[in-house]
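Shown next, in structure tokens, is the structure this report addresses.
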Amino acid sequence: MNYKISPKMTALFIFLSIKKPFIAIKGLILFILD
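Here the sequence shown is numbered in this note's numbering, starting from 419 and rising by one per residue.
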């Protein structure tokens, strides 16, 4: 797992969580399990 999260990735995740919550949650789970 890589703990370095760039501001760009954070902004993208926030954008996704607003527009497509399901995809954001799914991506977060995949990120945690990586």
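Glycine residues also receive a C-beta, built at the ideal position from the N, C-alpha and C atoms. These numbers were taken from a predicted model, which means no experiment stands behind them.
Any C-beta of chain B under 7 Å from that of residue i
{"i": "Leu451", "result": "No chain B appears in this structure, which consists of one protein chain only."}
Sub-7 Å separation of residue i and residue j beta-carbons
{"i": "Ser435", "j": "Ala429", "result": "no"}
Residue i in three-state terms, based on DSSP
{"i": "Ile423", "result": "coil"}
{"i": "Lys438", "result": "coil"}
Span separating the alpha-carbon of residue i from that of residue j
{"i": "Lys444", "j": "Lys438", "result": "10 Å"}
{"i": "Leu446", "j": "Phe431", "result": "9 Å"}
{"i": "Phe433", "j": "Lys426", "result": "11 Å"}
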